[in-house]
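Undergrad: Okay, handing you the structure first.
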Amino acid sequence: MMRKAVPVREAAARVVPGAVVMIGGFMGVGSPHRLIDELVRQRIGELTLICNDTARPGFGVGKLIDAGLARKVIASHIGTNPRTQALMLDGTIEVELVPQGTLAERVRAGGFGLGGILTPTGVGTLVAEGKRSIEVDGRTYLLETALKADVALVAARRADYHGNLEYALTARNFNPLMAMAAATTIAEAEDIVAVGMIPPDVVVTPGVLVHILVGREPRT
Amino acid sequence: MTDKDIIARRVARELKDGDRVNLGIGLPTLVAKFLPPSLRVHFHSENGIFGMSPLPGEGFEDRNLTDAGGRPVGALPGACAFDSAFSFGVIRGGHLDVTVLGGLEVDEQGRLANWMVPGKMVPGMGGAMDLVTGARRVIVAMTHRSPSGAKIVRQRSLPITSIRRVDLVVTELAVIRPTAEGLVLTEIAEGVSVEQVLAATDARLIIDPTLQYG
Chain E
8 MMRKAVPVRE
18 AAARVVPGAV
28 VMIGGFMGVG
38 SPHRLIDELV
48 RQRIGELTLI
58 CNDTARPGFG
68 VGKLIDAGLA
78 RKVIASHIGT
88 NPRTQALMLD
98 GTIEVELVPQ
108 GTLAERVRAG
118 GFGLGGILTP
128 TGVGTLVAEG
138 KRSIEVDGRT
148 YLLETALKAD
158 VALVAARRAD
168 YHGNLEYALT
178 ARNFNPLMAM
188 AAATTIAEAE
198 DIVAVGMIPP
208 DVVVTPGVLV
218 HILVGREPRT
Chain C
54 MTDKDIIARR
64 VARELKDGDR
74 VNLGIGLPTL
84 VAKFLPPSLR
94 VHFHSENGIF
104 GMSPLPGEGF
114 EDRNLTDAGG
124 RPVGALPGAC
134 AFDSAFSFGV
144 IRGGHLDVTV
154 LGGLEVDEQG
164 RLANWMVPGK
174 MVPGMGGAMD
184 LVTGARRVIV
194 AMTHRSPSGA
204 KIVRQRSLPI
214 TSIRRVDLVV
224 TELAVIRPTA
234 EGLVLTEIAE
244 GVSVEQVLAA
254 TDARLIIDPT
264 LQYG
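Chains E and C, in that order, are what the protein sequence lines are. First residue of the first sequence? That's 8 in the working numbering, and the numbers climb one at a time after it. First residue of the second sequence? That's 54 in the working numbering, and the numbers climb one at a time after it.
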């Protein structure tokens, strides 16, 4: 088997300029911070980011906004990052706002082979503009299409060297969904343990679906 | 007591033992501190947890455990965590008894606007559209007016969050129940007169014959 764990600089270099990138996390909690730092260091830009939010300046996805690496953001909330809002209002960054539950389902659909999902959320609001409405048993739903990405960058509490992932508390959020929805899934973990240490029932994201694992931080 | 505390204390009286509740960011978060300790409410947060304790014990903060605003919270014994799709399945699937949300405007149809001010402030809807659409009961907790004017209005100036009529609006002055017939003034706060409430409101209010005085 090919070695899965690589240094963070190699892992981040798999993201090419202009790529569509999903990034796990919620206000930076459960975001792949080492990978984000490395994207900034290597200045990999023109990215389309799919993420719940853009955290805040200087933290999480906010660092990519600070560095001017995002061309477009698909997110549910940018209110905690005034810089994203300013760049959106002056037209530097294109922002597509998606209700959070819809965003989660669109990513899930992308990873699970579905063309989209039907949700009552957004019916009759600005979110419905340009979308198809479908009636099922007398109730109206919006057709929301699947989202996929070139690369998903996810964060876990623990990984084993097969890439099996276990998550922590509210740091799980979008990570397991995104891990399924990209051509290449790159995971970083707070800790990497020997294969077998994470019992099968505790694994949330199967290692066989993780393509690259960010290796341990070198001891300094 | 501040206006926000007055609102939060009144909203707390709406929660029942065993309720599964999601509190929005900001003012709604304050509701938790006015719950009697004997009442067991199961707090849900859209970033993926049931059993959140909004007030974390000192020394127990965990960087992997926050509320939807990113602030550290606690988890009670019996808490459980899940991913975002599951979390919104809870919300849309009818598994959430109550959501308490802040508001920018509520119109005569009881429709809430709370996610953007076009051209000025575009924070995004976050989980608000799903919460208003999916929760069994939607309570809006907001100040009666903003510095720029009335928030309870005949016609909205802001884009709605959902076409769903909210169930209750609680302000520092009054409690208002939106119905098919219009906005019903059911309760006024201590020391407040009906005239004061009417003067602070830009919508038609139907005065409940059994109007309660706080």
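Just so you know, even glycine gets a beta-carbon here, dropped at the ideal spot from N, CA and C. Every value quoted in this text rests on a predicted model; they were computed, and no experiment measured them.
1) Nearest chain C C-beta to E:S83 closer than 8 angstroms, yes or no?
2) Taking buried to mean at least 16 other C-beta atoms within 10 Å of its own C-beta, is C:V143 buried or exposed?
3) Look at the alpha carbon of C:S246 and the alpha carbon of C:R164, and state the distance between them as a whole number of angstroms.
4) Take E:I205 and list the residues in its own chain whose beta-carbon comes closer than 7 angstroms to its own, dropping the five residues that flank it on each side.
5) Examine chain E for any beta-carbon lying closer than 8 angstroms to the beta-carbon of C:V191, and answer yes or no.
6) Measure the Cβ-Cβ separation of C:L226 and C:A253 and say whether it is below 8 angstroms.
7) For C:Q208 and E:R139, what's the separation of their Cα atoms in angstroms?
8) Exposed or buried, what is E:V143 when buried is set at 16 or more other beta-carbons lying within 10 Å of its beta-carbon?
9) E:L133 CB to nearest chain C CB: under 8 angstroms?
10) For C:I213, which three-state DSSP category applies?
11) So that I know if they touch, is there some Cβ in chain E lying closer than 8 angstroms to that of C:I59?
12) Taking Cβ to Cβ, would you say E:E151 is nearer than 8 angstroms to E:E103?
13) Please confirm whether C:A138 and C:I102 have their CB atoms less than 8 angstroms apart.
14) Between C:L258, C:L264, C:I241, which has its C-alpha nearest C:I59's C-alpha?
15) How big is the Cα-Cα spacing for E:T109 and C:D183?
16) Among C:I205, C:P90, C:K173, C:F96, which has the Cα closest to the Cα of C:S106?
17) Write down the C-beta distance between E:T61 and E:N88 rounded to the nearest angstrom, noting that I regard them as a contact closer than 8 angstroms.
18) Where E:E53 and E:V215 are concerned, what is the direct C-alpha to C-alpha distance, given to the nearest angstrom?
19) Listed in chain order, which residues of the region 164-176 of chain C have Cβ atoms closer than 7 angstroms to some Cβ of chain E?
20) Just how far apart, CA to CA, sit E:A18 and E:P39?
TA: Result, derived from the coordinates:
1) Yes, E:S83 lies at the interface with chain C (some Cβ there is under 8 angstroms from its Cβ).
2) Of the residues assessed, C:V143 falls on the buried side of the cut-off, its CB having 16 or more other CB atoms within 10 angstroms.
3) Near 25 angstroms, if we compare the C-alpha coordinates of C:R164 and C:S246.
4) Non-local beta-carbon contacts of E:I205 in its own chain, meaning distances under 7 angstroms to residues more than five positions away in sequence, involve R165, D167, N171, E173 in chain order.
5) Using beta-carbon distances, C:V191 does not count as an interface residue toward chain E, since no partner is under 8 angstroms.
6) Remark: C-beta atoms of C:L226 and C:A253 approach each other more closely than 8 angstroms.
7) Looking at the two C-alpha atoms, the distance is approximately 27 angstroms.
8) Classification for E:V143: exposed.
9) Yes, its Cβ sits closer than 8 angstroms to a Cβ of chain C.
10) Of the three classes helix, strand and coil, the one that applies to C:I213 here is coil, per DSSP.
11) Chain E places no beta carbon closer than 8 angstroms to that of C:I59, leaving this residue out of the contacts.
12) Result no, Cβ atoms of E:E151 and E:E103 do not sit closer than 8 angstroms.
13) In terms of Cβ geometry, C:A138 and C:I102 do not form a close pair [threshold 8 angstroms].
14) If we check each option's Cα against that of C:I59, C:I241 comes out closest.
15) Whole-angstrom Cα-Cα distance: 8 angstroms.
16) Taking only the C-alpha atoms, the option nearest C:S106 is C:F96.
17) Yes, E:T61 and E:N88 are in contact; Cβ-Cβ is about 4 angstroms, under 8 angstroms.
18) Their backbone Cα atoms lie some 30 angstroms apart in a straight line.
19) Residues of the region 164-176 of chain C with a C-beta atom less than 7 angstroms from some C-beta of chain E are V175, P176, listed in chain order.
20) Taking the straight line joining both Cα atoms gives about 12 angstroms.
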